Amino acid sequence: MIALARRIAASRAVRKFRRNRLAMASLAVILLYIGIGVGCVVGVITPGEVGQRIGPDSVPGWLEGEPGEKRLADCDFLARQVAAALKRDDPGAAIKEFSLAERRFADLPVAELKKLVEQAAELHDDIADSFDEVGALAGRIAKAIRKDAPVADVLPPEQLAAKRTELEKVQAVAEAKLAQLEELTQRLVPMPEGRAGKLYRARMLLGTDRQGRSILVRAVYSIRVALQVGLVVGITSVVFGTLMGAAAAFFGGWVDNAVTWLYSTFSSIPELVLLSLLAYLFLGVHFADELVPVYAALSLTFWIGPCRVIRGEVLKIKELEFVQAATAIGFGRVYILLKHIIPNTAHLMLINFSLLFIAAIKAEVILTFLGLGVKNGASWGIMIEQSRSEVIQGFFWQIGGATALMFVLVLAFNIVSDALQDAFDPKHVG
Amino acid sequence: MSDTRTPILSVQHLSTCFRTDRGVVTAVDDVSFDVFPGETIGIVGESGCGKTVTSKSIMRLLPERTGFIKPGSKILFEGMNLATADEATMRKVRGEKIAMIFQEPMTSLNPVFRVGWQIEEALKYHTTLNRAQRRRRTLEMLKLVEISNPEKRIDEYPHQLSGGMRQRVMIAIALCCEPGILIADEPTTALDVTIQAQILDLMDGLKRKLRTAIVLITHNLGVVAQVCDRVIVMYAGRIIEEGNVREIFHRPRHPYTRALLDSIPKAGMKEHGKRLPTIDGIVPSLFDLPKGCRFQDRCRYKQDRCVAEEPQLILGPDGRLVRCHFPIAERVVPGNRTEGND
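So the protein sequences, as listed, match chains S and G.
Going by the numbering used here, the first sequence opens with residue 1, and the numbers climb by one from there.
Going by the numbering used here, the second sequence opens with residue 1001, and the numbers climb by one from there.
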């Protein structure tokens, strides 16, 4: 085994591949993705974490500031969580139980918490009033300085200046109160310290979605789903397509006619329509894994590519003398097909797998986006689907996170398969 | 034949046909011959005369959809008729009892497996040897076919071996199960001359060592002269002459055999500087065979009877079979073109 590994490592193709810096970097990226995918499988990120609320809704991530109203709403959200816990029969236990990932309620006596919550509620109403005032003033100024403002709305310059100073003053007051409220909220639901704090801030790096779930965790966990779909669909369709194509070419006659008819029929239907149809067929059926319908739909459409290619190759190979030599040794036909011919198509199987792997990942996202794929778990498709309404409001974190991770994976994979092709192509020696 | 030994393989009235777009064509027409244990029999003839089809018929390797053996043909081997045997029987015969090697050593080995693996695979299929025994036997076989450094070569891929070495490996695969007959279909055609000689020597030595009968198919008369005991000359799907190798070479009786021998260049020949004799014309198309003798258009001794009636394969007084109305009788020296027919 070790000797074999050494020989492979020393082979011309591998040396050529290793000289390609970009390909090596891409390979590292793919290995990182695979590592993350495996991590998700063994439980570094659990499905529970993926669905867990970690903070207020739609928090933007990473250095992007929030408008005052959003900050107020965030504080209100946290305060209401505490209030809800306090209303329980056993407030002490409820407070211990509560958590937003690493973030927990302050370890204070119930009475103290109650006091703080009341204070926060008062302050909230106060700030809300200030914001109303700010809103009214800003509205008035906006009306006055509009170009085609009616005469009644126009203000003399000194009055306008006064309004502006007033607005600034009210704003400053609101700002100060908001800071006070945030400090109060911080005392109620403190940011965790040390490692837990770092972890929590990492979770908040890309903000939260509409259910207050971490976008980063969801996007990263989707890698697992993507790799799973790519791997399962890639392998099943290559294996199935190879067997069908090889059998068609090798046995010929009615077998060939049947397979050719089957794949011409399949490929005459637009792929997305067929995909949707197949996914739709599986909708009512319940599976242990909700990805099973996705696997089935994609494999049933993707086997055509490898089938066609392998059929052509086997038509060529079966005329070579070693096939006849194998018959002359006395091997049976099926044995020759499986043991002697199919191994000679390994390079095509590999290339087809790398193409289908990426195609399957993209198709899964599209299916999920259409509501025919993943429903409850995490998937880039779900994230993109959710962000349809968010993008209009200027919230790009969800679609950005999903597409960035997908883009990097697809790009890295394309670079690697390209480099593999170059390295292993016997026609490009040197 | 007047031979009293029992043949290991007896081909009787073998006719093999192909379905083509232009109708059924008979590529091998009523061919009969015997192979005796431990002898080397050569089948010679030019391209398309049916020698390869004969060998493939014996192995039943004809293209499934187009080729078939005509009913009434018999290929008797160990009490079985291979012409009508089922596929399961054939699988037992192929490789184990009758082995075959092919013309093109470059493509006769599977490029994705090590050569040792390919020999062991045949052993695994036909014997009950265990893994270690198979490995030992494989090494023995590689030594037997005179591959240098077999311990290293056993784990190499076909592309790492030269053409001659690959042909040796093919011979090793063919002989590893000790078959009674080895059919070699132009085994040296694709090799250069020095390697050809080595391979022929090897086959000759192995035949003596293993008592394997060899059916050597070739168009190279030099090869025949070097290793064969008996020769069958074929022309347009028929046997036209059969006999002992010395007699065929020194006293060819069929004009075609004679012409073939004449067209071999000879070292130090007297006619140095003269044009090498050739046989004019081409082999008649199998779709459009003449009514009489198939060689009539190219024969220098053609007479009216040759056009009217096809000659039979007749056993001569010297134990040789000739298909000619007017066989050459006198002792002639090849190259001497002044002799006439009788």
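All C-beta atoms, glycine included, are put in the ideal place defined by N, C-alpha and C.
This structure is a prediction, so every number in the text was calculated from the model and none was measured.
Beta-carbon proximity of residue i to residue j, cut-off 9 angstroms
i               : j               : result
I1328 (chain G) : H1254 (chain G) : yes
R164 (chain S)  : I36 (chain S)   : no
Y295 (chain S)  : V374 (chain S)  : no
L1076 (chain G) : V1145 (chain G) : no
M1234 (chain G) : T1054 (chain G) : yes
P270 (chain S)  : F282 (chain S)  : no
G252 (chain S)  : L356 (chain S)  : no
R213 (chain S)  : I54 (chain S)   : yes
A94 (chain S)   : R88 (chain S)   : yes
A1174 (chain G) : I351 (chain S)  : no
C1177 (chain G) : L1142 (chain G) : no
M1165 (chain G) : S1108 (chain G) : no
A1172 (chain G) : G1038 (chain G) : no
E1186 (chain G) : Q1103 (chain G) : yes
L178 (chain S)  : A120 (chain S)  : no
Q386 (chain S)  : R203 (chain S)  : no
A246 (chain S)  : R333 (chain S)  : no
M1100 (chain G) : L1061 (chain G) : yes
L137 (chain S)  : E166 (chain S)  : yes
Through-space distance from residue j to residue i, alpha-carbon basis
i               : j               : result
K114 (chain S)  : D129 (chain S)  : 23 angstroms
R21 (chain S)   : A412 (chain S)  : 12 angstroms
A73 (chain S)   : V217 (chain S)  : 23 angstroms
L1009 (chain G) : N1081 (chain G) : 10 angstroms
T1369 (chain G) : D1297 (chain G) : For chain G, the structure presents residues 1001 to 1342; residue 1369 (chain G) sits outside this window and is missing.
G1079 (chain G) : A419 (chain S)  : 59 angstroms
F98 (chain S)   : C75 (chain S)   : 17 angstroms
G1237 (chain G) : F1068 (chain G) : 15 angstroms
I1239 (chain G) : L1191 (chain G) : 27 angstroms
G379 (chain S)  : F250 (chain S)  : The question names Gly, yet the displayed sequence has Ser at residue 379 (chain S). Cα-Cα distance, rounded: 41 angstroms.
K147 (chain S)  : G394 (chain S)  : 27 angstroms
A248 (chain S)  : K1152 (chain G) : 39 angstroms
R71 (chain S)   : S26 (chain S)   : 40 angstroms
V1283 (chain G) : F1295 (chain G) : 8 angstroms
V82 (chain S)   : A111 (chain S)  : 12 angstroms
L1161 (chain G) : V1044 (chain G) : 29 angstroms
F407 (chain S)  : M24 (chain S)   : 17 angstroms
Partners in chain S for residue i, counting only beta-carbon separations shorter than 9 angstroms
i               : result
K1092 (chain G) : G330
G1180 (chain G) : Those do not exist, as G1180 (chain G) stays about 14 angstroms from chain S at its closest Cβ, beyond 9 angstroms.
L1061 (chain G) : Q324, T327, A328
For residue i, the three-state DSSP class (helix, strand or coil)
i               : result
Q1118 (chain G) : helix
Y1157 (chain G) : coil
C1228 (chain G) : coil
Y1235 (chain G) : strand
I8 (chain S)    : helix
G307 (chain S)  : It should be pointed out that residue 307 (chain S) corresponds to Cys in this sequence rather than to Gly. Correct three-state label for C307 (chain S): helix.
D1342 (chain G) : At D1342 (chain G), the pLDDT of 37 sits below 50, so the modelled position is not reliable; the number obtained from the coordinates is stated separately. In this structure, D1342 (chain G) counts as coil in the three-state DSSP scheme.
K1097 (chain G) : coil
L1060 (chain G) : The amino acid at residue 1060 (chain G) is misidentified as Leu; the sequence shows Arg. Residue state, collapsed to three classes: coil.
M1080 (chain G) : strand
Q456 (chain S)  : Past the boundaries of the shown model lies residue 456 (chain S); chain S is included only from 1 to 430, so the question cannot be answered.
A13 (chain S)   : helix
Q393 (chain S)  : coil
V1332 (chain G) : Bear in mind that the predicted position of V1332 (chain G) carries a pLDDT of just 46, short of 50, making it too unreliable to give a figure here.
H1250 (chain G) : helix
L271 (chain S)  : According to the sequence provided, residue 271 (chain S) is Glu. The question's Leu does not apply to it. Helix, per DSSP.
R1418 (chain G) : This structure gives no information on residue 1418 (chain G), because the portion of chain G shown stretches from 1001 to 1342.
7 angstroms Cβ cut-off: residues of chain G touching residue i
i              : result
T246 (chain S) : Inspection of the sequence shows that residue 246 (chain S) is occupied by Ala rather than by Thr. Those do not exist, as A246 (chain S) stays about 14 angstroms from chain G at its closest Cβ, beyond 7 angstroms.
L4 (chain S)   : Result: empty, since nearest Cβ-Cβ is about 10 angstroms, beyond 7 angstroms.
Assigned exposure category for residue i - 16 Cβ within 10 Å defines buried
i               : result
G61 (chain S)   : buried
R1019 (chain G) : exposed
A288 (chain S)  : exposed
G381 (chain S)  : buried
R1331 (chain G) : Residue placement at R1331 (chain G) cannot be trusted, given a pLDDT of 46 that sits under 50; what the coordinates show is reported in the next sentence. Per the 10 Å Cβ criterion, exposed.
N1149 (chain G) : exposed
W303 (chain S)  : buried
Under 8 angstroms from the C-beta of residue i: neighbouring residues of chain G
i              : result
L320 (chain S) : T1107
Within chain G, the residues that residue i reaches when beta carbons sit closer than 9 angstroms
i              : result
P343 (chain S) : N1110, V1112, F1113
Proximity test, residue i beta-carbon vs the ligand MG heavy atom, cut-off 8 angstroms
i              : result
P150 (chain S) : Only the bare structure without any ligand can be found here, which leaves the ligand MG out of the picture.
Contact set between residue i and chain S, taken where Cβ atoms lie within less than 8 angstroms
i               : result
Y1125 (chain G) : I329, G330, F331
Partners in chain S for residue i, counting only beta-carbon separations shorter than 7 angstroms
i               : result
M1141 (chain G) : None at all; the shortest Cβ gap to chain S is about 13 angstroms.
Residues of the stretch 1203-1233 of chain G with a CB closer than 9 angstroms to any CB of chain A: list them in chain order, please.
The displayed structure is made up of protein chains S and G, and chain A is not among them.
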